[in-house]
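All remarks here apply to the structure that follows.
There are 2 protein chains.
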Amino acid sequence: MATIDVSKPILDLNEKLAAANRERFDEKGVFVLDLMASPGAGKTSTILATIAALRDRYGIAVIEGDIASKVDAEKVKAHGIPAVQINTGGACHLESDMIGRAVAALDLDALDLIIIENVGNLVCPTEFYLGEHAKVMILSVPEGHDKPYKYPAIFQISEAVILNKVDTLSVFDFDVEEFEGVVRSLNPQSPIFHIAATKGDGVGAWAEWLAERIETVRIAAGKSPK
Amino acid sequence: MATIDVSKPILDLNEKLAAANRERFDEKGVFVLDLMASPGAGKTSTILATIAALRDRYGIAVIEGDIASKVDAEKVKAHGIPAVQINTGGACHLESDMIGRAVAALDLDALDLIIIENVGNLVCPTEFYLGEHAKVMILSVPEGHDKPYKYPAIFQISEAVILNKVDTLSVFDFDVEEFEGVVRSLNPQSPIFHIAATKGDGVGAWAEWLAERIETVRIAAGKSPK
């Protein structure tokens, strides 16, 4: 079988602005999560479930990245959580300058957690550091267990992997064992959380993992533990 | 709500090579389809169902685009159909030079149809003309009916829209009427085919649409109708 390899260098003038973002986040003790997934994997539902689990404990805001529309930011705002919508006008990922401008619209002193919902895409967002403390990805059951073979980079770069829509496992031919085996071979240390975001199933363990990370950043900035 | 718009120019030195590809396809009477979708929407299953419907009538080959792995090309080859795998090594779409090189590995005289499976992504592939006769997209039911709001360009550029996994409509909160309404507002003329690719449901109407397009290109090249 013929195979053609085409490599593409990553251009990263983006890094400098990411470092500036990170400095602000660390100074203010705000943990920033970059959430990545395919379109329709359940990023917004997972964000809403995470907000429900942690809103009594922490100040939370959301930055929504989309090619077009404000539908996700409107969903978040409807829950009384500050949200900034970034429309990339075609670009398949967020970049550090966009985050810097979005953060300027938020009151960092009132926040402990910012969740960035990146553009729906398993490729481009992996290549851009935004100043976040962790990248986390969601794969949903209907997408199929073969995705780590095809998109290894996003599984490698993620500090946690969320498997969403596990309530539909009986409907799809999804081999959990094979999936977890391949993820482990690409990334042995990251936890894999099984959730059904729209029902809240399994969200507790994921929220606890996140809370531990938030505490570390808060305490390093001199905030008292919560 | 704060909204930030960031536009990005499309760089298209790619167009010249696309025109050269197209000239070869037209001369040989080979219809070329660029199939686009999210990861896991069912591109490969739809290709296999299309092959099953049309292989007795037409010579078919497949060009598979992926970041990494050969799993899709292997699935196609297992059905006795010529397949070329392109690994983009990170790039989120195929470009014309990759297609030109892949086509060089195929015997165009034996073919009437080449299906290009683009990289799983609702964004990047829309921006690159490869010399194909038509771009077609697949959305799968589990991705949700709101996708046309978020990724309007891919719905606008597609000459047909395939809604896949309709056998799971009872499991997901997918509003078919809203989906079709938004698609129609973005793109009034393209047909919307409902299929369940892994079961073969609805594939007949889609294959007939495709066969009509194939015939036009074949006849223009002086081949006799099939």
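For the protein sequence lines, the chains are U and D, in the order given. Here our numbering is used: the first residue of the first sequence is 1, the next is one more, and so on. Here our numbering is used: the first residue of the second sequence is 227, the next is one more, and so on. No residue lacks a Cβ here, since even glycine has one placed at the ideal position from N, Cα and C.
Assigned secondary structure, residue i (DSSP; H/G/I helix, E/B strand, else coil)
| i | result |
| --- | --- |
| valine 256 (chain D) | coil |
| aspartate 66 (chain U) | strand |
| leucine 261 (chain D) | strand |
| isoleucine 192 (chain U) | strand |
| lysine 361 (chain D) | strand |
| glutamate 441 (chain D) | helix |
| alanine 61 (chain U) | strand |
| glutamate 434 (chain D) | helix |
| serine 7 (chain U) | Reliability of the predicted coordinates at serine 7 (chain U) is poor, the pLDDT of 35 falling under 50, and the value obtained from them is presented with this limitation in mind. Serine 7 (chain U) falls in the coil class under three-state DSSP. |
| glycine 222 (chain U) | coil |
| aspartate 427 (chain D) | strand |
| leucine 17 (chain U) | helix |
Residue interval of the beta strand (DSSP E) (run including residue i)
| i | result |
| --- | --- |
| leucine 337 (chain D) | Neither: leucine 337 (chain D) is in no beta strand (DSSP E) and is coded neither H nor E. |
| alanine 83 (chain U) | 83-87 |
Residue i: first and last residue of the uninterrupted alpha helix (DSSP H) it sits in
| i | result |
| --- | --- |
| lysine 303 (chain D) | 297-303 |
| arginine 101 (chain U) | 96-103 |
| lysine 269 (chain D) | 269-280 |
**Message:** Just to confirm the assignment: which complete beta strand (DSSP E) runs, minimum length 3, are found wholly within the segment 137-188 of chain U?
**Reply:** 160-164
**Request:** Inspect the CB distances between the segment 287-300 of chain D and the segment 145-160 of chain U and report whether three or more fall short of 8 Å.
**Result:** yes
**Message:** So, does the segment 399-408 of chain D touch the segment 247-264 of chain D, judging by three or more C-beta pairs under 8 Å?
**Reply:** no
**Item:** Three or more C-beta pairs below 8 Å linking the segment 90-107 of chain U and the segment 339-354 of chain D
**Value:** yes
**Request:** Could you name the residues of the segment 53-70 of chain U whose beta carbon sits closer than 9 Å to any beta carbon of chain D, in the order they occur along the chain?
**Result:** Asp66, Ile67, Ala68, Ser69, Lys70
**Item:** Contact residues within the segment 247-270 of chain D, judged by C-beta distance below 7 Å to chain U
**Value:** Ser264, Pro265, Gly266
**Message:** With three or more beta-carbon pairs closer than 8 Å as the criterion, would you say the segment 130-144 of chain U touches the segment 160-172 of chain U?
**Reply:** yes
**Asked** Mind listing which residues of the segment 342-375 of chain D have their C-beta closer than 9 Å to chain U's C-betas, in chain order?
**Response** Val345, Gly346, Asn347, Leu348, Val349, Cys350, Thr352, Glu353, Leu365, Ser366, Val367, Pro368, Glu369, Gly370, Asp372, Lys373, Tyr375
**Asked** Listed from N- to C-terminal order along the chain, which residues in the segment 394-407 of chain D have their beta-carbon within a distance smaller than 9 Å of any beta-carbon of chain U?
**Response** Thr394, Val397, Phe398, Asp399
**Request:** Count the C-beta pairs between the segment 11-23 of chain U and the segment 168-176 of chain U that are closer than 8 Å, then say yes if the count reaches three, no if not.
**Result:** no
**Asked** Using 8 Å as the Cβ pair cut-off and three pairs as the minimum, do the segment 409-428 of chain D and the segment 266-274 of chain D touch?
**Response** yes
**Request:** Output, in sequence order along the chain, the residues in the segment 180-198 of chain U whose CB is closer than 9 Å to any CB in chain D.
**Result:** Thr198
**Message:** Using a Cβ distance threshold of 8 Å, determine whether the segment 324-332 of chain D contacts the segment 280-292 of chain D, with at least three qualifying pairs required.
**Reply:** yes
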